[in-house]
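Worksheet: one structure, shown below.
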Amino acid sequence: MSKSRTIGWVLLIAAIGAAGYFGWQKYEGNRQAAEAAQKRAAQRPPVPVKIAPVEKADFPVYLTGLGTVQAFNTVQVRTRVDGQIVKIAFKEGQFVKAGDTLVEIDPRPYQAVLDQAKAKKAQDEANLANANLDLGRYTKLGEFATRQQLDTQRSTVAQLTAQIASDEAAIFNAQTQVDYTTVKSPIDGIVGLRLVDIGNIVNASAATGIVTITQIEPITVIFTAPEDQLPDIKAALAVAPPKTIALTTDGKKVLSTGTLALINNLVDTTSGTVRLKAVFDNKDHALWPGQSVSTRLLVRTLKDATVVPDDAVQHGANGLYAYSVNQENKAELRNIKVTQSIDGRSVIDEGLTPGQQVITAGQYKVSPGTLVTTAVASSDQSKDEPKAKVTQE
Numbered sequence: 016m017s018k019s020r021t022i023g024w025v026l027l028i029a030a031i032g033a034a035g036y037f038g039w040q041k042y043e044g045n046r047q048a049a050e051a052a053q054k055r056a057a058q059r060p061p062v063p064v065k066i067a068p069v070e071k072a073d074f075p076v077y078l079t080g081l082g083t084v085q086a087f088n089t090v091q092v093r094t095r096v097d098g099q100i101v102k103i104a105f106k107e108g109q110f111v112k113a114g115d116t117l118v119e120i121d122p123r124p125y126q127a128v129l130d131q132a133k134a135k136k137a138q139d140e141a142n143l144a145n146a147n148l149d150l151g152r153y154t155k156l157g158e159f160a161t162r163q164q165l166d167t168q169r170s171t172v173a174q175l176t177a178q179i180a181s182d183e184a185a186i187f188n189a190q191t192q193v194d195y196t197t198v199k200s201p202i203d204g205i206v207g208l209r210l211v212d213i214g215n216i217v218n219a220s221a222a223t224g225i226v227t228i229t230q231i232e233p234i235t236v237i238f239t240a241p242e243d244q245l246p247d248i249k250a251a252l253a254v255a256p257p258k259t260i261a262l263t264t265d266g267k268k269v270l271s272t273g274t275l276a277l278i279n280n281l282v283d284t285t286s287g288t289v290r291l292k293a294v295f296d297n298k299d300h301a302l303w304p305g306q307s308v309s310t311r312l313l314v315r316t317l318k319d320a321t322v323v324p325d326d327a328v329q330h331g332a333n334g335l336y337a338y339s340v341n342q343e344n345k346a347e348l349r350n351i352k353v354t355q356s357i358d359g360r361s362v363i364d365e366g367l368t369p370g371q372q373v374i375t376a377g378q379y380k381v382s383p384g385t386l387v388t389t390a391v392a393s394s395d396q397s398k399d400e401p402k403a404k405v406t407q408e
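The opening residue of the sequence shown carries number 16 in our numbering; numbering runs sequentially from there.
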């Protein structure tokens with residue numbers, strides 16, 4: 016029994032010694048591997064990246080949407096008299112001014128009526144002159160003229176005076192009809208396709224017009240906004256008409272800049288949106304009636320916001336992050352919170368402070384602690400140049 020117990024203890028001590036030996040070998044191997052990895056990392060060349068500063072700047076907050084261009088005024092030109100068209104004085108697509116002649120209708124029937132009314136007035140004026148002479152004679156006769164004759168003559172003078180007033184009204188009406196034979200543009204605008212040709216008979220009662228004119232200087236854009244944005248829009252409108260930008264539908268090119276004119280008087284309950292109307296000078300005719308555009312409405316400006324280029328913002332499993340570069344030229348991962356993003360810039364609410372440097376290109380080669388060599392990112396891109404990426408709060 017004593018001998019077996021001794022052998023057991025010897026075997027146990029041997030096993031413990033063997034386990035300790037192998038554990039020490041594994042530890043030493045890991046330590047040597049870690050030291051080798053550190054040496055390789057120290058020998059690895061710095062990763063080239065581009066950086067940009069974290070800035071403090073005023074940041075405009077735009078409300079984006081889609082809209083449709085509408086003419087400021089649209090007029091369907093119609094005739095107010097019946098007759099045959101003898102002249103068309105415009106070209107399709109021409110810019111016309113208010114008062115420019117568009118169409119001439121045969122004026123001869125209406126001119127004849129005008130001449131007849133003028134002749135009738137001349138006749139009545141001659142009769143009135145004779146009646147006044149007779150009234151003067153009766154007045155001079157005194158007691159030799161009866162009272163009835165005097166009263167009758169005065170009545171005749173009054174009747175002829177009223178008749179002349181009626182003649183003047185008839186002349187005015189006839190002259191108006193003659194004027195209507197020359198159809199003129201009521202507004203400044205662009206004429207569309209003509210709906211009648213020379214030689215056709217037009218009627219004042221016809222539903223079909225002669226041509227349509229659309230006013231494009233100025234011009235309007237109708238667009239919608241979510242109803243929950245109404246407080247911001249109304250607050251901005253109360254101070255001054257907010258700046259509104261019209262862009263191409265892809266949001267890449269600015270077409271015109273104007274101001275918000277009004278908010279519609281009701282909210283569409285089916286879509287939860289409200290219609291807005293913006294006015295643009297449109298001197299270059301960049302906007303055209305019926306055109307679809309993207310819109311940006313400036314609702315407020317964030318003062319002294321922390322701003323970085325969009326390229327610095329990365330998406331990860333745990334949310335948004337960015338790499339900053341410390342004084343040792345090593346990359347540091349920063350979890351960030353972005354509240355606004357437009358025109359290639361993002362507002363950082365958490366994670367970065369002004370004055371830091373962030374990596375804008377080459378992040379795919381970088382991990383926390385990586386040594387980097389830096390180059391300043393190009394700043395040729397204008398901050399006013401619109402991009403497609405736009406986010407709202």
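No residue lacks a Cβ here, since even glycine has one placed at the ideal position from N, Cα and C.
Whole-Å CB distance - residue i paired with residue j, under 8 Å assumed
i           : j           : result
residue 288 : residue 241 : 6 Å
residue 301 : residue 270 : 4 Å
residue 235 : residue 291 : No, residue 235 and residue 291 are not in contact; Cβ-Cβ is about 10 Å, not under 8 Å.
residue 200 : residue 231 : Actually they do not touch by this definition, with Cβ atoms about 14 Å apart.
residue 206 : residue 111 : 6 Å
residue 88  : residue 237 : The pair is not a contact, with the Cβ atoms about 14 Å apart (cut-off 8 Å).
residue 365 : residue 352 : 4 Å
residue 72  : residue 322 : 5 Å
Burial state of residue i (16 or more Cβ within 10 Å)
i           : result
residue 391 : exposed
residue 358 : buried
residue 395 : Low local confidence applies: a pLDDT of 46 at residue 395 is under 50, so the model's placement there is unreliable, with the coordinate-based value given in what follows. By the 10 Å Cβ count, residue 395 comes out exposed.
residue 401 : At residue 401, the pLDDT of 42 sits below 50, so the modelled position is not reliable; the number obtained from the coordinates is stated separately. Label assigned to residue 401: buried.
residue 125 : buried
residue 383 : exposed
residue 61  : exposed
residue 318 : exposed
residue 250 : exposed
residue 406 : For residue 406, the predicted model reports a pLDDT of 36, less than 50, meaning its position is unreliable; a value from the coordinates is still stated below. Label assigned to residue 406: exposed.
residue 273 : buried
residue 338 : buried
residue 361 : buried
residue 295 : buried
residue 248 : buried
residue 182 : buried
residue 298 : exposed
residue 187 : exposed
residue 281 : exposed
residue 246 : exposed
residue 380 : exposed
residue 177 : exposed
residue 65  : buried
residue 162 : exposed
residue 170 : exposed
residue 94  : buried
residue 28  : exposed
residue 123 : exposed
residue 311 : buried
residue 132 : buried
residue 334 : exposed
residue 91  : exposed
residue 31  : exposed
residue 349 : buried
residue 99  : exposed
residue 63  : exposed
residue 67  : buried
residue 277 : exposed
residue 368 : exposed
residue 307 : exposed
Residues that DSSP places opposite residue i in a beta bridge
i           : result
residue 284 : None; residue 284 has no bridge partner.
residue 88  : 230
residue 201 : Paired residue(s): none; residue 201 is not in a bridge.
residue 68  : 372
residue 76  : 315
residue 63  : 388
residue 102 : 119
residue 308 : 82
residue 187 : None, per the DSSP bridge assignment.
residue 111 : 204
### Query
For the stretch 215-224 against the stretch 249-263, are there 3 or more C-beta pairs whose distance is under 8 Å?
no
### Runs of beta strand (DSSP E) wholly within the stretch 204-228 (minimum 3 residues, chain order)
204-206
### Query
In chain order, which continuous runs of the beta strand (DSSP E) of length 3 or greater are located wholly inside the stretch 317-377?
329-331, 334-340, 346-350, 352-357, 360-365, 372-376
### Task
Could you pull out every unbroken beta strand (DSSP E) segment of at least 3 residues lying fully inside the stretch 235-300, listed in chain order?
258-262, 269-283, 288-295
### Message
I'd like to know if the stretch 113-121 and the stretch 86-104 are in contact, where contact means that at least 3 CB-CB pairs between them fall below 8 Å.
### Response
yes
### Inter-stretch contact at 8 Å, needing at least 3 Cβ pairs: the stretch 202-215 / the stretch 60-79
With contact defined as three or more Cβ pairs closer than 8 Å, the stretch 202-215 and the stretch 60-79 are not in contact.
#### Entry: Contact the stretch 130-147 vs the stretch 107-116: 3+ CB pairs below 8 Å
Too few Cβ pairs lie closer than 8 Å, so no.
### Message
Does the contact criterion of 3 or more C-beta pairs under 8 Å hold for the stretch 365-373 versus the stretch 325-345?
### Response
yes
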